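Asks:
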């Protein structure tokens, strides 16, 4: 808020600091708190005199609002405010890229669950009950729910500019010419259902009115972009909006868009009291965007010796009611459309479409999950048509450093795609069950539900490789800011790291500690609560924070170190040898101690703030989908071994093996965590996770019927981590968060096809897709 | 909302008589969810948590009297021998936390067709012991207890005291379909119980109709086939055709719908497969034979 802010509190209280720097498997700072229940999530925030907010949501997927009657709700005892669109102080709409989403619907609702009115009351139950008394007069309209239909010329327009959020036309080489000469052609149409991020901590936060504006504590992915949108909607200058990162219970992209931020702030400003909003699980399904459902049409042509000649296709992404990140998802889908393969001739059209389905936007993998499912299915089909081993076909066409992507961009970082596959294939397979021996139910499809004792069970093995860009692409100015302060505390040097980077569970705080410890040779490092009093860190998204904010922390540490050395020289005279900071002291090459850091900063702390930008600016794609649109890429390959009960359509994944190039593992333990968690999310999409929507109405907004994998569904993971330094990045690191989620789904599907012989062109796979059913 | 917390069974029955509209709550695994979603509309709730006798079971005269509040975790641990079908089903209920709280009385009170306890209760010939302050004990055949989705045969002043379940006199099996390998609500489920003394077959179908169902025709068919072949003690082969026919008759007895958990067609199909498999396991038959 002010120019020289006071330092915020440490984000986690820590006792004995870990000893380890970059490259060590340091246990996460928040691990103990989280497993012991002591961690403060955004839903645990409280303030004196706080009111509770509740949101009135549309029961219709599409309807005109003829009127809103708040009188009864307002008269409900204990209610302090009831607000509608008319009460939004500033801009009526917000959005990450396009401000098309109403803070509160005014004349029309475009999806099931769209916010229409707000209530603040003394008690959460009061607020909920009063919300039920807000009478909204809806005139239901036919929902437009089929993206193909929404794309049609005669479709009703859901937004003034029509129903296309984004169209990318991608063209390279001569597809028609290549098609005329291809020896083998395979075609397929694939579908991806709507996956939810299913983070465990529902949307929540606390808004506190201040003298000049509002202070919002919230679980989010990007404090500064929340502030930008908040300020606009609240008609406040950005300085009057202070956003503080609260404990995040998972994000996976689902907290990039605003949810309760403006709502709680409006209620707080209106009532002049702190306001908490905490969604329940059901509301959370309506409170954030989901992964884009996709329909993907592919045609692959190859020469008889198994070289890809061309790929052409068409991809429709259902963006739902509002734009969110649809355009960026479309960009990533474009860049990953043919997979990590060399394809000289490519033609694609990709559309992200407005419909009356729930809004879709960012989710881990971000467009690359949908394409990978399709292109890897096509590679298996092609291998079969060619009579070539599917891994060999992939290896033969794999991109490598120097290869050109369909967007024209040359891959200049490590791209060990063939090696990933070779290493994966060389890994041992899990043992086959001994014939005739009784088996533990938990190892069988259906698990403890006791559906088979081995009957109908077939084993299948499948491979897939996937990739995604790392960092923000398409010309976005990707940067981060870090403030590093070294002071003396009880005779010891203390490093404080202050950034606005949101820790969403990925382990960024521990990474920043490791970097500062390593750069400054000082053991005691405290990472401070992220807030908007320091410069933007960008979004915790796109597998970018370890690199970009890590880079900013490193750069700020370098500035601090330079100042420490300067002070040491000033005090002790110039040294003949190079100086370094080690073990809390400035030392010479010879090991001679010049001065303890604590003495150099006593009473005069060093405080440096730096911005970091990676050494490449990306560009938007041109009208033919050409351009150096991505910073770099991350690659991972997966092998799935599955047991399928072909009579009941139930599946047990026996093992996932994976090889991933991570550049440099800053924290190998955290890398393994990302890999295993990402695979679990990929397994969920393959086998069970789907927000079921019919006529725009969400049918399963609960963890009773939106299933995510349990410990009995998630198999052991065999992991091999490669470390080929990424030349553009600090320490040679690369982003690791998203690649595990991308090809794991495709590998499971490949294994299921191998086991069943069924085409399985849609995820999640349903039992009906696997079993051969008699006509009823 | 008013919450009554009787200390004894007698007090509980009196509370129910005084508040016939009251709902009952035991482990809360179902009622609390209903409350959270505002789908529970009783103005009064009778908390049975202090009524310790509901959490006891006893065995005499060839049957188990299972208190309505005995949690599933204890059924798994303590009743596997006398009530194998119910113990198998209990193992598939929710998570360890849910099994520590949930009970057969809760399943019966809620009368959801998806309740895991229903198929083995039907297959095993259970009797529900309802009780009221005014009229005392009333025994209800479990097959007559389910009236419709979330509707049961209790009178407004009655509470469920216990379930009377014959000790198994032959093999029992249970199988349940869900698209997750644990902690899943049944897309459909099936129980079978063989009474080798009376030479009868019992069945129960879950989550494939407005109420839990028996497959009476399938029961009679399989019993007759076992009689004919002298196969009641297992070890003898039933031909694949007989088991297939049993599966078909079980499928035919279902009245499934399409919903978020499965299609009707899949439910019918899966019931047929489960019926064949569970019968084969129970009789130690080889399906492939």
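Protein chains in written order, with my numbering: chain A, 1 to 776; chain B, 777 to 1065.
Every residue, glycine too, gets a C-beta built ideally from N, C-alpha and C.
This one's a predicted model, so the numbers in the text were calculated from it and none came from an experiment.
Quick one: list the residues of chain B neighbouring residue 448 of chain A, beta-carbon separation under 8 Å, in chain order.
Replies: 867, 868, 957, 958
Asks: Can you tell me where the beta strand (DSSP E) holding residue 650 of chain A begins and where it ends?
Replies: 650-661
Asks: Listed in chain order, which residues of the segment 691-703 of chain A have Cβ atoms closer than 8 Å to some Cβ of chain B?
Replies: 692, 699, 700
Asks: For residue 574 of chain A, count the other beta carbons within 10 Å of its own beta carbon; 16 or more makes it buried, fewer makes it exposed. Which is it?
Replies: exposed
Asks: Check the Cβ of residue 713 of chain A against every Cβ in chain B and list those closer than 8 Å, keeping chain order.
Replies: 956, 957, 958
Asks: Which residue marks the beginning of the beta strand (DSSP E) containing residue 825 of chain A, and which one marks its end?
Replies: Any answer about residue 825 of chain A is impossible in this case: the structure gives chain A only from 1 up to 776.
Asks: Along the chain, which unbroken stretches of the alpha helix (DSSP H) at least 4 residues long are found entirely within the segment 175-209 of chain A?
Replies: 175-181
Asks: In this structure, how does DSSP classify residue 808 of chain B when only helix, strand and coil are distinguished?
Replies: helix
Asks: According to a CB-to-CB cut-off of less than 9 Å, which residues of the segment 1019-1045 of chain B neighbour chain A?
Replies: 1035, 1036, 1037, 1038, 1039, 1040, 1041, 1042, 1044, 1045
Asks: Rounded to the nearest angstrom, how far is the Cβ of residue 41 of chain A from that of residue 247 of chain A, given a contact under 8 Å?
Replies: 4 Å
Asks: When DSSP builds the beta bridges, which residues end up paired with residue 353 of chain A?
Replies: A:164, A:318
Asks: Kindly list, in the order they appear in chain A, the residues whose Cβ is closer than 8 Å to that of residue 1053 of chain B.
Replies: 451, 452, 453, 455
Asks: At least one CB of chain B closer than 8 Å to the CB of residue 767 of chain A: is that the case?
Replies: yes
Asks: Are the CB atoms of residue 477 of chain A and residue 244 of chain A within a distance shorter than 8 Å?
Replies: no
Asks: Of all the options A:570, A:309, A:692, A:264, which has the alpha carbon lying nearest to the alpha carbon of residue 121 of chain A?
Replies: A:264
Asks: Check whether the Cβ atoms of residue 457 of chain A and residue 765 of chain A sit closer than 8 Å, and answer yes or no.
Replies: no
Asks: Is the distance from the Cβ of residue 830 of chain B to the Cβ of residue 821 of chain B below 8 Å?
Replies: no
Asks: Buried or exposed for residue 888 of chain B, going by 16 or more other Cβ atoms inside 10 Å?
Replies: buried
Asks: Is there a C-beta anywhere in chain A that falls below 8 Å from the one on residue 970 of chain B?
Replies: Using a CB distance cut-off of 8 Å, residue 970 of chain B does not count as an interface residue toward chain A.
Asks: For residue 298 of chain A, which option in A:346, A:291, A:26 has the closest C-alpha, if you only look at C-alpha atoms?
Replies: Ranking the options by Cα distance to residue 298 of chain A, first place goes to A:346.
Asks: Which bits of chain B does residue 652 of chain A rub up against, with CB to CB less than 7 Å?
Replies: 957
Asks: Which runs of the beta strand (DSSP E) at least 3 residues long sit entirely within the segment 426-489 of chain A? Give them in chain order.
Replies: 457-470, 480-489
Asks: Rounded to a whole number of angstroms, what is the C-alpha to C-alpha distance between residue 104 of chain A and residue 606 of chain A?
Replies: 46 Å
Asks: Which of the three DSSP states is assigned to residue 795 of chain B in this structure?
Replies: coil
Asks: Quick one: using the 10 Å Cβ neighbour count with 16 as the cut-off for buried, is residue 930 of chain B buried or exposed?
Replies: buried
Asks: Report the three-state DSSP secondary structure of residue 1063 of chain B (helix, strand or coil).
Replies: Bear in mind that the predicted position of residue 1063 of chain B carries a pLDDT of just 40, short of 50, making it unreliable; the figure below should be weighed with that in mind. Three-state result, residue 1063 of chain B: coil.
Asks: Measuring straight from C-alpha to C-alpha, what distance separates residue 270 of chain A and residue 136 of chain A?
Replies: 22 Å
Asks: Which residues in the same chain as residue 953 of chain B place their Cβ atom closer than 6 Å to its Cβ, once the five residues preceding and following it in sequence are excluded?
Replies: 963, 964, 1046
Asks: Sort out for me which residues DSSP pairs residue 404 of chain A with in a bridge.
Replies: Residue pairing of residue 404 of chain A in beta bridges, as defined by DSSP: A:410.
Asks: For residue 833 of chain B, name the three-state secondary structure that DSSP assigns.
Replies: DSSP, read as helix, strand or coil, puts residue 833 of chain B in strand.
Asks: In its own chain, which residues sit with a C-beta less than 6 Å from the C-beta of residue 934 of chain B, not counting the 5 before and 5 after it?
Replies: In chain order, 906, 908 place their CB closer than 6 Å to the CB of residue 934 of chain B, counting only its own chain and leaving out the 5 sequence neighbours on each side.
Asks: Please look up how many angstroms separate the CB atoms of residue 186 of chain A and residue 382 of chain A, rounded, as I've assumed it's under 8 Å.
Replies: 5 Å
Asks: Any idea which residues DSSP pairs residue 779 of chain B with across the strands?
Replies: Looking at the DSSP assignment, residue 779 of chain B forms a beta bridge with B:821.
Asks: Between B:950, B:1041, B:910, B:883, which lies nearest to residue 786 of chain B when the distance is taken from Cα to Cα?
Replies: If we check each option's Cα against that of residue 786 of chain B, B:910 comes out closest.
Asks: Decide if residue 846 of chain B is buried, meaning its Cβ has at least 16 other Cβ atoms within 10 Å, or exposed.
Replies: buried
Asks: By the 10 Å Cβ neighbour count, where 16 or more other Cβ atoms means buried, how is residue 873 of chain B classified, buried or exposed?
Replies: exposed
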